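Visitor:
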Amino acid sequence: MRILGIDPGYAIVGFGIVEYAGAQFRPVEYGAILTQAHTPFERRLCDIDTDMREILQRYQPDCMAIEKLYFRTNRTTAIDVAQARGILVLAAAKRGIPIFEYTPLQVKQAVVGYGKAEKHQVMDMTRRILQLEQIPKPDDAADALAIAICHGHCCRGQLNKIHNIRS
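Each residue of the sequence shown is one higher than the one before, counting from 740 in our numbering.
(1) Which residues mark the beginning and the end of the alpha helix (DSSP H) in which M937 is found?
(2) Would you report the Cα separation of D801 and L743, rounded to the nearest angstrom?
(3) Measure the Cβ-Cβ separation of C889 and Y853 and say whether it is below 9 angstroms.
(4) Nearest to Q799 by CA position, among E872, A832, D878 and H777, is which residue?
(5) Exposed or buried, what is K876 when buried is set at 16 or more other beta-carbons lying within 10 Å of its beta-carbon?
(6) By the DSSP assignment, the alpha helix (DSSP H) with A849 in it spans what residues?
(7) Checking the sheet assignment: what are the DSSP bridge partners for G770?
(8) So, with DSSP's three-state summary, where would you put G891?
(9) Can you tell me whether L829 is buried or exposed, with buried defined as 16 or more other CB within 10 angstroms of its CB?
(10) Please look up how many angstroms separate the CB atoms of E806 and P766, rounded, as I've assumed it's under 8 angstroms.
(11) Go to D786, then tell me how far its alpha helix (DSSP H) extends in each direction, as first and last residue.
(12) Taking the alpha carbon of I838 as the point to measure from, which residue in K855, R824, Q848 and K847 has its own alpha carbon closest?
(13) Just to confirm my understanding: we take A883, look at its own chain, exclude 5 residues before and 5 after, and list those with CB closer than 7 angstroms. What are they?
(14) Buried or exposed, going by whether 16 or more other CB atoms sit within 10 Å of the CB of I818?
(15) Of all the options G748, M740, A750 and F764, which has the alpha carbon lying nearest to the alpha carbon of Q870?
(16) Applying the 10 Å Cβ sphere with the 16-neighbour rule, what's the burial state of Y759?
(17) Measure the CB-CB distance between G748 and D879 and report whether it falls below 9 angstroms.
Structure follows, in structure tokens:
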């Protein structure tokens, strides 16, 4: 299964693509969609859409895992990130790609085994799981890979439950 992980944003959208088979992960590609500061917001959304459609076309993921948004403060930023997230979800939905959402707590639990793990712990464990020499940069790409790994672990659990019910 090819999983596309997305860390949503409007200045930086992290993406990470992994192959998942037999409880093993293999990195395919990772990086970030970047938009320029001081660009009109609607232009930034268009740029995100264009780049996301290119990623979907090039890598043909079987599913997309994306972080659920949670903001305590700065509501303006939250609204802008939510709009960008909507563009990302729509691009995948238009291609018929199943979309799965995970909270930061779920990602930490799935990758590190501890829901209150610190960011550096998640990044290092992501590096180890994917057998990378260095932690992926930018941080948003590392976060996106962690989200993809989270989906692989959660998906495996769901498949095992279905198998056990049928057995």
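Built from N, CA and C at the ideal position, the CB exists for glycine as well.
Values in this document were obtained by computation on a predicted structure and should not be read as measured data.
Guide: Let's see:
(1) The first residue shown for the chain is 740 and the last is 906, placing residue 937 beyond what the model contains.
(2) 8 angstroms
(3) no
(4) A832
(5) exposed
(6) P843 to V851
(7) F754
(8) helix
(9) exposed
(10) No, E806 and P766 are not in contact; Cβ-Cβ is about 19 angstroms, not under 8 angstroms.
(11) F780 to Y798
(12) R824
(13) G744, I745, D746, G753, F754, G755 and Y769
(14) exposed
(15) F764
(16) buried
(17) yes
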